[in-house]
Amino acid sequence: MVKINWRDVLTKFLPLLPTLLMYWASYRLSQEKNAQEKKRDEFDRLNEENTRLSEDLARYRRMVEAKELEISKLQKEIAEMRSCITGAPDLGALFDEKGKKDDDS
């Protein structure tokens, strides 16, 4: 049976422990840095998309306001035309049978 001399093991591997801890800490820091960069990139992308969508919404709202103004103007014109048309003779009055008989005689 093999006997392990723990004193020899500790004297050989104990000096490696700080180096291993430094490698592990460096690895953890790089992982956290990558995660933060990924979050920052995602935030920047979402911020740009939000800005673009806000500009699109503002443009759409301006377009809707312009169309509503145009509709309002057209409705006013229609109301004015209807008020003028109410005094005009009906189309049926132009083709009155009595007027035709007088023209034929």
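With the first letter of the sequence shown counted as 1, position 4 gets the number 3 in numbering that gives the first Met the number 0; the numbers rise by one all the way through. Built from N, CA and C at the ideal position, the CB exists for glycine as well.
Pick helix, strand or coil for residue i, following the three-state DSSP scheme.
{"i": "residue 17", "result": "helix"}
{"i": "residue 63", "result": "helix"}
{"i": "residue 89", "result": "At residue 89 the pLDDT is 48, less than 50, meaning the model places this residue with poor confidence; the figure from the coordinates comes in the next sentence. Note: residue 89 maps to coil in three-state DSSP."}
{"i": "residue 2", "result": "coil"}
{"i": "residue 26", "result": "helix"}
Hey, could you find the ends of the alpha helix (DSSP H) residue i is sitting in?
{"i": "residue 8", "result": "5 to 12"}
For residue i, which residues from the same chain have a beta carbon less than 7 Å from its beta carbon, with the 5 sequence-adjacent residues on both sides left out?
{"i": "residue 7", "result": "none"}
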